[in-house]
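Reading through the structure tokens given below for one structure.
Number of protein chains: 2
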Amino acid sequence: MLRIRPSALIAASCALALSLAAQAAPPTKAEQTLKYRKSLYQVIAWNFGPMSAMAQGKIPYDAKEFAMRAERVATVAPMLSESFPADSKGVAGSELKPEMWTNRGDFDAKMKDFVDKSAALATAAKTGDFAKSKAAFFETGNTCKACHDKYKND
Amino acid sequence: MLRIRPSALIAASCALALSLAAQAAPPTKAEQTLKYRKSLYQVIAWNFGPMSAMAQGKIPYDAKEFAMRAERVATVAPMLSESFPADSKGVAGSELKPEMWTNRGDFDAKMKDFVDKSAALATAAKTGDFAKSKAAFFETGNTCKACHDKYKND
Chain W
1 MLRIRPSALI
11 AASCALALSL
21 AAQAAPPTKA
31 EQTLKYRKSL
41 YQVIAWNFGP
51 MSAMAQGKIP
61 YDAKEFAMRA
71 ERVATVAPML
81 SESFPADSKG
91 VAGSELKPEM
101 WTNRGDFDAK
111 MKDFVDKSAA
121 LATAAKTGDF
131 AKSKAAFFET
141 GNTCKACHDK
151 YKND
Chain Y
1001 MLRIRPSALI
1011 AASCALALSL
1021 AAQAAPPTKA
1031 EQTLKYRKSL
1041 YQVIAWNFGP
1051 MSAMAQGKIP
1061 YDAKEFAMRA
1071 ERVATVAPML
1081 SESFPADSKG
1091 VAGSELKPEM
1101 WTNRGDFDAK
1111 MKDFVDKSAA
1121 LATAAKTGDF
1131 AKSKAAFFET
1141 GNTCKACHDK
1151 YKND
């Protein structure tokens, strides 16, 4: 018997509808920017995953993999700032709280914290010292949380 | 009068349907991998954009920006290989042709070409020499095309 998950059917029909809609109206600059922004966060989250599992003791510490993931996050983090231009304000599908636009200085400072702590994490991870790497990971995670708590609709 | 684009309505209703579907069934490992893969290509494409426009003379050559974009592509390119694991075979929503799975060696060689040419592009871009940067950019673009022609459904 052929079994198809309902979610797969919905996804397929929506993909088709969105594809037709996309043909009718090409994505705006703001929509493209949002897609780029979400892609960057996705790349960061993917690489955060194994570091988080190691830091929490859910999987064994692998110094080489941890350092590779940390390096990747540190190189992608500085790309984020470009993905919040003024002309992306109010774009549909974003989880960004509107307060960001009236607290830009604070938002940018929080973003800089994340970039700085990510760089420190990559440096710590290179030592291969688990305690140092773990501490630097949680410090980086705290900078994510500080910004998400204030500026992200979950 | 409130004007709403039909595409926005479709997108909103689909987002809702997909969100409900997502609650019912969390994304599979393969779906998560596909999302990561698409994010990486999106980050690469975004940074390719201005280099392409400069190489084609559509916008003025800005050596500093060109070098920054090239460096970003070179750091993201090696992340791609992880996003084609065997357990992502056949995942819905992918543009990957099934032939890849029976030509894995050729696919991996084409991916390595892209990684190598991206690294060479970043090195060339650092010189600030437009002719060298442009040549290296087109060589990188050719490695994209070689793989897409054979393994991507456009």
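So the protein lines, in turn, are chains W and Y.
Number 72 in the working numbering belongs to position 72 of the first sequence; there are no gaps in the numbering.
Position in the second sequence (first residue = 1) + 1000 = the working numbering.
C-beta: ideal position from N, C-alpha, C; glycine also.
Keep in mind it's a predicted model, so treat the numbers as computed, not measured.
Going by DSSP in three states, K1089 of chain Y sits in which element: helix, strand or coil? Correct three-state label for K1089 of chain Y: coil.
Would you grab the beta carbon distance between V43 of chain W and V91 of chain W for me? Rounded to a whole angstrom, and I think it's under 8 Å. Taking 8 Å as the upper bound for CB-CB distance, V43 of chain W and V91 of chain W are not in contact here, some 20 Å apart.
Are the beta-carbon atoms belonging to F66 of chain W and S118 of chain W less than 7 Å from one another? Their beta carbons are not under 7 Å apart, which means F66 of chain W does not touch S118 of chain W by this criterion.
Do you know how far the Cα of A63 of chain W is from the Cα of D129 of chain W? In a straight line, the C-alpha of D129 of chain W is about 8 Å away from that of A63 of chain W.
Residues sharing a beta bridge with L96 of chain W, DSSP: BP columns for L96 of chain W point to W:K152.
Can you list the residues of chain Y that T75 of chain W reaches, using a CB-CB cut of under 7 Å? Residues of chain Y passing the Cβ test: T1075.
Within-7 Å CB hit, S1039 of chain Y to chain W: Chain W contact via Cβ: present.
Using 7 Å as the limit for Cβ to Cβ distance, is V115 of chain W near chain Y? At a cut-off of 7 Å, the C-beta of V115 of chain W has no neighbouring C-beta in chain Y.
Selection from W:S39, W:C144, W:P98 and W:L40 that minimises the alpha carbon distance to F114 of chain W: It is W:C144 whose Cα lies nearest to the Cα of F114 of chain W.
Under 7 Å between C-beta atoms, does V91 of chain W make it to chain Y? Judged by the 7 Å Cβ criterion, V91 of chain W is not in contact with chain Y.
Using a Cβ cut-off of 7 Å (strictly closer), state whether Q42 of chain W contacts chain Y. For Q42 of chain W, the nearest CB of chain Y lies under 7 Å from its own CB, placing it at the interface with that chain.
With a threshold of 7 Å between beta-carbons, can Y151 of chain W be considered close to chain Y, or not? No, Y151 of chain W does not count as interfacial toward chain Y.
Is the region 101-110 of chain W touching the region 67-74 of chain W in the sense that three or more CB pairs, one from each, lie closer than 8 Å? Remark: fewer than three beta-carbon pairs, one from each stretch, lie closer than 8 Å, so the region 67-74 of chain W and the region 101-110 of chain W are not flagged as touching.
Could you check if S1094 of chain Y is buried or exposed, using at least 16 other CB atoms within 10 Å of its CB as the buried criterion? With 16 or more other Cβ atoms within 10 Å, it is buried.
Out of W:M111, W:V73 and W:M51, which one is the CA nearest neighbour of A135 of chain W? Of the residues W:M111, W:V73 and W:M51, the one whose Cα lies closest to the Cα of A135 of chain W is W:M51.
Backbone secondary structure at A48 of chain W - three-state DSSP: Before going further, note that residue 48 of chain W is Phe rather than Ala in the sequence given. When secondary structure is reduced to three states using DSSP, F48 of chain W falls in the helix class.
Locate the alpha helix (DSSP H) running through D1106 of chain Y, then write down its first and last residues. In this chain, the alpha helix (DSSP H) harbouring D1106 of chain Y covers R1104 to K1126.
Run through chain Y and tell me which residues come within less than 7 Å of W46 of chain W, C-beta to C-beta. Under the 7 Å cutoff, chain Y gives Y1036.
For the candidate residues Y:K1029, Y:C1147 and Y:K1089, whose alpha-carbon lies nearest to that of G49 of chain W? Nearest of Y:K1029, Y:C1147 and Y:K1089 to G49 of chain W, Cα basis: Y:K1029.
Identify the continuous alpha helix (DSSP H) that holds F66 of chain W and give its terminal residues. Note, F66 of chain W: alpha helix (DSSP H), A63 to V76.
Among W:M79, W:D87, W:T123 and W:P98, the one whose alpha carbon lies nearest that of K112 of chain W: For K112 of chain W, the closest of W:M79, W:D87, W:T123 and W:P98 by C-alpha to C-alpha distance is W:M79.
Run through DSSP, which three-state label would K58 of chain W get? The answer is coil: DSSP assigns K58 of chain W none of H, G, I, E or B.
What is the DSSP secondary structure of F84 of chain W, counted as helix, strand or coil? In the structure shown, F84 of chain W adopts coil according to DSSP, grouped into three states.
Rounded distance between the beta-carbons of A1146 of chain Y and K1110 of chain Y, thought under 8 Å: Correct: roughly 6 Å between the Cβ atoms.
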